[in-house]
Amino acid sequence: MLTKLEKAEKRWGGANKLVDQWLNHRRKLLIQYFIVAGLAPYSRAEKSLPTLEQVKDFCDQLVDYVSEGHFEVYNNVVRACEKFGESSIDTAKALLPQISESTDAALDFNDKYTEAVDEDILYQLDSDLSKLAQSMEARFELEDQLLEVLHNRHS
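Residues 10 to 164 (this note's numbering) make up the sequence shown, in order.
In structure tokens:
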């Protein structure tokens with residue numbers, strides 16, 4: 010996922026402050042994901058779990074990221090696509106519902122872990138993180154398609 014992010018940053022970075030900010034927030038989210046999942050270079054002692062606080066911090070970033078997309082970035086991208094004709098706006102409108110599916114997965118994950126009071130829930134974390142990662146990877150690909158539409162019409 011980080012490799013794809015680096016490609017996105019090279020492709021669209023510097024074109025728009027909001028997009029730059031959004032890609033930077035994606036990077037921070039991915040880093041926090043690696044920390045919580047115990048993936049290199051943020052590996053933990055063998056078979057140890059992250060703290061509930063670390064998971065809740067990740068949840069905060071996750072909700073911030075999906076919210077920023079829905080309430081800031083997507084609206085601006087759709088408005089920009091409107092300038093480039095019907096095919097651009099149709100593509101943008103077709104992608105947004107698909108992106109929303111991953112929002113539900115992110116919010117479900119958030120609800121499960123931010124409402125947790127007992128650390129025993131962390132025994133389900135690996136499985137839940139794996140499902141979330143698949144959903145978010147699909148989301149990132151759709152978001153990148155949205156940015157590509159804008160980039161192709163704008164440049």
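Note that the Cβ used here is the ideal one computed from N, Cα and C, for glycine as well.
In this text, all values refer to a predicted model and were calculated from it rather than measured experimentally.
- Take residue 100, set aside five residues on each side of it, and the residues of its chain with a beta-carbon closer than 6 Å to its own are 158, in chain order.
- For residue 131, there is no enclosing alpha helix (DSSP H), as DSSP gives it neither H nor E.
- With a cutoff of 8 Å on beta-carbon distance, residue 119 and residue 82 are scored as not near each other.
- Boundaries of the alpha helix (DSSP H) harbouring residue 67: 61 to 77, taken from the DSSP string.
- Looking at the backbone, the Cα of residue 134 and that of residue 89 are separated by about 39 Å.
- Scanning its chain for C-beta atoms nearer than 8 Å, with the 5 sequence neighbours on each side dropped, one finds no residue around residue 127.
- About 5 Å separates the beta carbon of residue 122 from that of residue 64, a gap short enough to meet the 8 Å contact definition.
- Assigned with DSSP and collapsed to three states, residue 10 falls in coil, not helix or strand.
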